[in-house]
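**Student:** If you use the UniProt record's numbering, the sequence shown closes out at 331, no skipped numbers anywhere. Every residue gets a Cβ at the ideal spot worked out from N, C-alpha and C, and that includes glycine.
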Amino acid sequence: MGSLSSLPTGNPNERAHQLALELATRGELEMLSEARARLANTQGKKAKRKAREKQLEEARRLAALQKRRELRMAGIILPPRRRKRHAIDYNKEIPFEKRPAPGLHDTSEEVYDPTETDFRRLRQQHLDGELRSEREERERRKDKQKLKQRKENDLPPSLLSAEPVRKRSKLVLPEPQISDQELEQVVKLGRASETAREAAQEAGRQASDTLLADYSLTPATGPLRTPRAPALSRDTILQEAQNIMALTNVDTPLKGGLNTPLHETDLGGPATPKKAAQTPNSLIVTPFRTPSTAAADAATGRLKGKWPTDTFLARLTPEEELLLKLSSTAG
């Protein structure tokens, strides 16, 4: 018998009957089920036996299913049983398969194992391979993890930086001894002297030409070099460190005796300001001054000349030589 909702609804009388069945009470439904059971009993013993066998088979199936579930939960997995001996299991066997006869050559490498690949768990990404975006994402995560581990284990960034710890100090040069204004004044004086000499030569005045000094005849001095600071003959820092160690390990003064011998250094007394050696300048050198020692020349910027008489005679102008001869003859 079909369900009540599957009754045809084309006839108005049938629709009314369907509504009456849907609105029936629970007692009426029980009466209908009892009437169906009495109708089944009138069909004979064979129908009863088949219904009972079907019910027993369903109960047996449910019991076996429950038993397999309990064994699986306990860790015991039973192999599936074949229902029929000569039936074909299309999930595990190849129907009507005929294996070729073994030949002379070894074909063990060509044997295909159908159970090797699990096609039920094989996805599309396994067939297509790894995508480029996925590979880049995996490499990006790996680089991020490496960078995080390096920050945790390695040295701080201040030590990892390639910049030197001690930066190069600024170059400190001595102050210039001649300013720009003085240089301009020297250039102007030289130009004025040259202009006066050219005017005297054009006018033909020999006396004026003789009295004008020619600075181009000044004897050229030797090449000048920057004075070098004298090398220390002893290590002052090492001597001071030895003095500190000697004072630290000194015995008690109650024993008497001499004091601990210490090295004499210049750092113990008051610091005397020392003038830094400057580059000598040949433009402000006094021409007829007696040369002094090398240390004084390096400190003051004077040039080391020859014997005073030779220097004096070498720097005389023609008019000065004439006056010198006249004075010597008159004397």
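What first and last residue would you give for the alpha helix (DSSP H) that runs through ALA101?
**Tutor:** First-last for ALA101: undefined, no H or E at that position.
**Student:** Taking 8 Å as the threshold (C-beta atoms), are ALA246 and LEU258 in contact?
**Tutor:** Their beta carbons are not under 8 Å apart, which means LEU258 does not touch ALA246 by this criterion.
**Student:** Quick one: grab the DSSP three-state call for PRO318.
**Tutor:** helix
**Student:** Kindly indicate the opening and closing residues of the alpha helix (DSSP H) around residue 338.
**Tutor:** Residue 338 is absent from the model: the chain starts at 1 and stops at 331.
**Student:** Rounded to whole angstroms, what is the Cα-Cα separation between ASP113 and ALA101?
**Tutor:** Rounded to whole angstroms, the separation of the alpha carbons of ALA101 and ASP113 is 18 Å.
**Student:** So, with DSSP's three-state summary, where would you put LEU238?
**Tutor:** Here LEU238 sits in helix by DSSP.
**Student:** DSSP on ARG85, reduced to helix/strand/coil?
**Tutor:** coil
**Student:** For GLU110 and GLU97, what's the separation of their Cα atoms in angstroms?
**Tutor:** Going from the Cα of GLU110 to the Cα of GLU97 covers about 17 Å.
**Student:** Spell out whether any CB of chain C is found under 8 Å from the CB atom of GLY204.
**Tutor:** Considering every chain present, this structure includes no chain C. It has just one protein chain.
**Student:** Does the separation of the CB atoms of LEU65 and LEU71 fall below 8 Å?
**Tutor:** Contact: no.
**Student:** Taking only the alpha-carbon atoms, compute the straight-line gap between VAL172 and LYS188 and give it to the nearest angstrom.
**Tutor:** Approximately 31 Å, taken between the alpha carbons.
**Student:** Express the C-alpha separation of THR236 and PRO174 in angstroms, rounding to a whole number.
**Tutor:** 25 Å
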